[in-house]
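K.L.:
Let me give you the structure first, and then I'll get to my questions.
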Ligand SMILES: O=c1ccn([C@@H]2O[C@H](COP(=O)(O)O)[C@@H](O)[C@H]2O)c(=O)[nH]1
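In mature numbering (1 follows the signal peptide of the UniProt record, and there is no 0), the protein residues as written are 1 to 684.
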């Protein structure tokens with residue numbers, strides 16, 4: 001290993017852990033009152049700073065309270081406010097530019113966003129406390145019309161020119177015409193003079209309600225406003241404006257081979273028109289940490305999900321005649337990696353623009369130890385907490401109380417996870433809990449004696465259910481959608497009994513989960529059984545620490561290295577290598593491939609059914625466009641007029657688990673044991 005960055009014989013077989021103040025996990029308490037701090041923090045030292053630096057969030061899905069039960073992700077939005085404020089101050093101090101960007105999906109995943117009608121009326125104003133420079137819209141802003149209008153009438157007005165919905169329009173109820181929810185593009189100049197043309201593109205989403213319109217990428221790249229903006233002639237500009245860099249946001253996976261990503265189409269259009277201008281992409285939707293290299297001057301960052309990750313991006317070597325800031329800020333590491341790509345090897349128009357560019361990216365775990373370390377270089381809470389951050393923390397606590405999110409519905413006797421155990425096992429939520437909860441929770445008393453078959457999509461379950469007190473908040477965290485239970489009466493048993501298998505084996509049906517679930521392989525889920533840590537191995541050689549490359553502080557850091565037991569968490573490999581995760585973790589097993597798209601339950605009280613016996617076929621309205629064609633394939637033709645509410649028009653996928661919990665988990669409520677290992681740390 002010596003060849004990487006000098007002799008370090010005394011640290012072989014230890015992990016690279018940077019020293020933090022004693023008692024770090026306990027001193028630095030703010031967050032939500034019931035949350036805990038991480039046991040240890042960043043492993044790779046200070047962040048690299050270039051001319052352009054970006055903090056990226058995506059797919060927050062309402063988790064602004066942080067992960068109350070998971071130590072490693074315990075910071076709340078108030079802590080993030082303090083963090084971003086401190087990082088802005090640092091950017092000013094270093095004389096460089098820093099942007100803060102978000103790539104959408106603000107709801108459907110936690111009580112704070114989903115316990116109100118419409119979703120987001122209380123959480124969006126909390127979200128608005130971050131000083132974002134650019135934002136874009138996600139598909140979860142468009143499923144329900146009232147949520148889409150909340151974004152049109154309120155959210156887009158708060159953010160003005162910064163909210164980019166370049167391919168998403170909504171029906172204006174006053175003019176009766178479609179108009180963009182936000183803006184199509186933003187052309188602006190940073191404090192240090194970088195001239196940026198920015199767009200925000202939702203993937204080709206088709207599940208939106210009928211008040212919005214999503215233009216597919218193939219259409220957008222032909223639209224005249226887009227071509228003009230790319231050419232430097234945005235609306236109303238007669239003379240060409242200079243563009244130092246394109247910033248392309250998208251609620252859109254950064255990996256081109258993700259079946260839902262449309263970034264390649266936009267990239268091709270921009271790159272063809274502007275062969276020598278860097279493009280920087282920030283994506284989302286697939287809930288992973290990822291960094292993709294498109295060409296030597298185009299890279300793309302994706303920063304996870306659910307307030308588990310804050311993405312950090314920096315680049316140096318931008319050749320702008322207008323840039324007045326520092327090129328390599330003093331006293332901090334700088335981006336060192338070139339974007340090496342096979343996409344443009346023989347481009348006759350290629351210049352050496354890309355040759356000067358260097359990049360860095362880091363995925364920060366969403367906890368206060370991490371935020372304080374990077375913001376202040378210590379665990380000094382008083383130096384870190386910004387008054388506005390503290391206010392936001394208090395506001396979240398008050399809002400959670402107002403929404404009764406802490407109200408306990410039952411005491412969950414065990415943990416059921418989405419992917420830590422294979423489908424079929426009793427620890428897996430789809431096999432170990434959902435069928436039983438459907439049978440026990442979805443009951444129309446007047447039809448309860450009829451044979452019943454139930455079907456839901458697996459995508460409706462969004463998170464693990466943890467052993468311990470099961471609160472109203474948890475009910476949104478696990479099953480947030482308000483998809484209504486409907487049914488078709490008197491379906492022949494021979495048909496109903498074949499439906500689930502057909503839905504799960506015929507590729508025409510996917511529960512509206514168009515992306516292959518296996519693409520979530522990088523997702524991190526808690527796992528109580530996965531606490532046998534990986535053998536400790538040195539991997540630092542693959543990617544020298546920036547300090548070590550620069551010859552700074554390396555000696556002091558190396559001498560103080562400690563060996564610690566790693567907690568389970570993200571272990572990411574991307575186009576720049578395996579050094580992106582800011583905190584080292586052990587790998588978590590993932591059986592997501594085993595999960596079917598549809599989950600069923602047979603709630604028939606009798607076992608003596610014949611082929612023609614009538615059964616109540618119960619499903620959710622969200623999948624009626626799968627169920628009706630599948631029934632037709634089975635020779636039973638039904639139409640929408642055959643479908644009725646099973647219980648009432650509001651009994652939904654967010655209701656049945658609560659009903660079941662109150663029935664089945666009433667024991668031990670006052671003394672409910674909490675599962676160990678939440679947040680990847682068996683210790684307290
Ligand atoms: O009403 C709904 C809406 C969505 N779903 C599920 O969610 C995914 C989309 O979530 P992403 O975070 O954008 O991937 C969709 O494919 C469905 O599986 C739902 O169940 N009900």
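By construction, the Cβ of each residue, glycine as well, lies at the ideal position given by its N, Cα and C atoms.
For residue 497 and residue 452, I'd like the C-alpha separation in whole angstroms.
P.N.:
Distance from the CA of residue 497 to the CA of residue 452, rounded to the nearest whole angstrom, comes to 10 Å.
K.L.:
Are the beta-carbon atoms belonging to residue 194 and residue 320 less than 8 Å from one another?
P.N.:
yes
K.L.:
Suppose the cutoff is 8 Å on Cβ atoms and the five residues either side in sequence are ignored; what does the same chain contact list for residue 23 look like?
P.N.:
Model confidence at residue 23 stands at a pLDDT of 37, short of 50, so the residue's coordinates are unreliable and nothing is read from them.
K.L.:
How should residue 520 be labelled, buried or exposed, when 16 other C-beta atoms within 10 angstroms of its C-beta is the threshold for buried?
P.N.:
For residue 520, the pLDDT reaches just 46, beneath the cut-off of 50, and the residue's location in the model is therefore unreliable, although a value from the coordinates is still provided. With 16 or more other Cβ atoms within 10 Å, it is buried.
K.L.:
Is residue 660 near residue 440, with beta carbons less than 8 Å apart?
P.N.:
Contact: yes.
K.L.:
Going by beta carbon distance, what residues of the same chain come within less than 6 Å of residue 658, once the five residues before and after it are set aside?
P.N.:
409 and 475
K.L.:
Out of 197, 418, 435 and 384, state which residue places its alpha-carbon closest to the alpha-carbon of residue 235.
P.N.:
The shortest Cα separation from residue 235 among 197, 418, 435 and 384 belongs to 197.
K.L.:
Rounded to the nearest angstrom, what separates residue 423 and residue 591 at their Cα positions?
P.N.:
Straight-line Cα distance between these residues: approximately 7 Å.
K.L.:
Helix, strand or coil: which one does DSSP assign to residue 61?
P.N.:
coil
K.L.:
Tell me the rounded alpha-carbon separation between residue 87 and residue 255.
P.N.:
28 Å
K.L.:
Okay, do the segment 384-398 and the segment 599-613 touch, 3+ Cβ pairs below 8 Å being the bar?
P.N.:
no
K.L.:
For the beta strand (DSSP E) containing residue 246, name the first residue and the last one.
P.N.:
245-251
K.L.:
Using only CA atoms, which one of 80, 206 and 182 lies nearest to residue 200?
P.N.:
182
K.L.:
Give me the Cα-Cα distance between residue 61 and residue 305, rounded to the nearest whole angstrom.
P.N.:
If you take the alpha carbons of residue 61 and residue 305, they lie about 8 Å apart.
K.L.:
Quickly, what does DSSP pair residue 99 with across the bridge? List them, please.
P.N.:
54
K.L.:
Please give me, in chain order, every unbroken run of the alpha helix (DSSP H) with length at least 4 that falls completely inside the segment 306-379.
P.N.:
368-376
K.L.:
What are the uninterrupted segments assigned as beta strand (DSSP E) that are 3 or more residues long and contained completely in the segment 470-522, given in chain order?
P.N.:
485-492
K.L.:
At 4 residues or longer, and completely inside the segment 404-472: list those alpha helix (DSSP H) runs for me, N to C.
P.N.:
Runs of the alpha helix (DSSP H) inside the segment 404-472: 429-432 and 434-441.
K.L.:
Excluding five sequence neighbours on each side, which residues of the same chain lie with their C-beta closer than 6 Å to the C-beta of residue 463?
P.N.:
477 and 478
K.L.:
Shortest alpha-carbon distance to residue 230 belongs to which of 271, 642 and 119?
P.N.:
271
K.L.:
Taking the continuous alpha helix (DSSP H) assigned at residue 656, which residues delimit it?
P.N.:
656-664
K.L.:
Measuring CB atoms only, is the segment 609-620 touching the segment 59-74, in the sense that at least three cross pairs come out at less than 8 Å?
P.N.:
no
K.L.:
List the DSSP bridge partners of residue 296.
P.N.:
None; residue 296 has no bridge partner.
K.L.:
Given a threshold of 16 other Cβ atoms within 10 Å of its Cβ, counted over all protein chains shown, does residue 666 qualify as buried or as exposed?
P.N.:
Counting every other CB atom within 10 Å of its CB across the protein chains shown gives residue 666 a total below 16, marking it as exposed.
K.L.:
Is it buried or exposed for residue 669, if we count other Cβ within 10 angstroms and need 16 for buried?
P.N.:
exposed
K.L.:
What are the start and end residues of the alpha helix (DSSP H) that includes residue 220?
P.N.:
Start and end: 217-220.
K.L.:
According to DSSP, is residue 187 helix, strand or coil?
P.N.:
strand
K.L.:
How is residue 268 classed by DSSP in three states: helix, strand or coil?
P.N.:
helix
K.L.:
Looking at the structure shown, is residue 234 part of a helix, part of a strand, or coil, going by DSSP?
P.N.:
DSSP places residue 234 in the coil class of the three-state scheme, outside both helix and strand.
K.L.:
With residue 42 as the anchor, note down where its alpha helix (DSSP H) starts and where it stops.
P.N.:
Where residue 42 is concerned, there is no enclosing alpha helix (DSSP H), given that its DSSP letter is neither H nor E.
K.L.:
Determine which residues share a DSSP beta bridge with residue 198 and list them.
P.N.:
186 and 247
K.L.:
Put residue 126 into one of helix, strand or coil per three-state DSSP.
P.N.:
Three-state DSSP puts residue 126 in a helix.
K.L.:
Would you say residue 504 touches ligand 1, meaning its beta carbon is less than 7 Å from a heavy atom?
P.N.:
no
K.L.:
Let me know if residue 334 comes out buried or exposed under the rule of 16 or more other beta-carbons within 10 Å of its beta-carbon.
P.N.:
buried
K.L.:
Quick test of the definition: if touching needs 3 or more C-beta pairs under 8 Å, does the segment 48-67 touch the segment 300-317?
P.N.:
yes
K.L.:
Any idea if residue 559 is buried or exposed, counting beta-carbon neighbours within 10 angstroms, 16 or more meaning buried?
P.N.:
Unreliable placement is indicated for residue 559, whose pLDDT of 37 sits below 50; the coordinate value is still reported in the next sentence. Result: exposed.
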